[in-house]
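J.: First, the structure itself, so that you have it in front of you.
Numbering (the numbering used here), first residue to last: 260 to 385.
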């Protein structure tokens, strides 16, 4: 994976994927981490879930792990308009239903599986 390449490569540039909600899929090789870069920030919903076997290998790659805790009502206020703007949903009502039937369930799964004691930094957003 690109994370292991980043971790183990010091002499070469590493291409990494990007993600755009409008495209709905990762774009392979969208960005390049140069060999001289010393700090790389990686964002993703499931990256700290070391309790889940399929994510444990990913979680173990990071030197510092942080989690931004966002209250679900704040996440809803942000995600519903984002779904409409990205074309994922045609209306706010449709976006709200997607939040309730998909995104909110994912959020609960992440919060239930997150080992808060294993995190280096925890931040609460508003």
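By construction, the Cβ of each residue, glycine as well, lies at the ideal position given by its N, Cα and C atoms.
(1) Taking all protein chains shown into account, do 16 or more other C-beta atoms lie within 10 angstroms of the C-beta of residue 342, making it buried, or fewer, making it exposed?
(2) So residue 292 is in the beta strand (DSSP E); what residue range does that whole segment cover?
(3) For residue 323 and residue 284, what's the separation of their Cα atoms in angstroms?
(4) Kindly list the residues whose CB is nearer than 8 Å to the CB of residue 319, restricted to its own chain and excluding five residues on each side of it in sequence; keep chain order.
(5) Strictly by DSSP, which residues pair up with residue 274?
(6) Within the same chain, show all residues whose beta-carbon is closer than 7 Å to that of residue 346, passing over the 5 residues directly before and after it, in chain order.
(7) Quick one: using the 10 Å Cβ neighbour count with 16 as the cut-off for buried, is residue 317 buried or exposed?
(8) Quick one: is residue 272 buried, meaning 16 or more other Cβ sit within 10 Å of its Cβ, or exposed?
(9) CB-CB under 6 Å to residue 383, same chain, minus the five flanking residues each way: which ones, in chain order?
(10) What are the boundary residues of the alpha helix (DSSP H) that residue 364 is part of?
(11) Taking DSSP's pairing of strands, which residues face residue 327 in a bridge?
(12) Relative to the alpha-carbon of residue 289, which residue among 300, 276 and 297 has its alpha-carbon at the smallest distance?
(13) Look at the alpha carbon of residue 307 and the alpha carbon of residue 349, and state the distance between them as a whole number of angstroms.
T.: The answer reads as follows:
(1) Locating residue 342 in the chain shown gives position 83, counting from the first residue. Burial of residue 342 is indicated by the presence of at least 16 other C-beta atoms within 10 angstroms of its C-beta.
(2) In the chain shown, counting from the first residue as 1, residue 292 sits at position 33. DSSP places residue 292 in the uninterrupted beta strand (DSSP E) bounded by 285 to 292.
(3) Start at 1 with the first residue of the chain shown, and residue 323 comes out as number 64. Start at 1 with the first residue of the chain shown, and residue 284 comes out as number 25. Answer to the nearest angstrom: the Cα atoms are 27 Å apart.
(4) Residue numbering aside, residue 319 sits at position 60 when the chain shown is read from its first letter. The answer, listed in chain order, is 309.
(5) Counted from its first residue, the chain shown places residue 274 at position 15. By DSSP's assignment, residue 274 forms a beta bridge with 291.
(6) As a working note, residue 346 is residue 87 in the chain shown. Hits under 7 Å: 281.
(7) Reading the chain shown from its first residue, position 58 is the one you call residue 317. Residue 317 should be labelled buried.
(8) Residue numbering aside, residue 272 sits at position 13 when the chain shown is read from its first letter. Within a 10 Å sphere around the beta-carbon of residue 272 sit fewer than 16 other beta-carbons, which makes this residue exposed.
(9) For this step, residue 383 is matched to residue 124 along the chain shown. In the same chain as residue 383, and ignoring 5 residues on each side of it, the C-beta atoms closer than 6 Å to its own belong to 328, in chain order.
(10) The count along the chain shown starts at 1 and reaches residue 364 at position 105. 363 to 372 is the extent of the alpha helix (DSSP H) around residue 364.
(11) Here residue 327 refers to the residue found at position 68 of the chain shown. For residue 327, which the question treats as bridged, DSSP gives the partners 382.
(12) Indexing the chain shown from 1 puts residue 289 at position 30. Looking at the Cα atoms, 276 is the closest of the given residues.
(13) Locating residue 307 in the chain shown gives position 48, counting from the first residue. Locating residue 349 in the chain shown gives position 90, counting from the first residue. Each residue's Cα considered, the two are about 32 Å apart.
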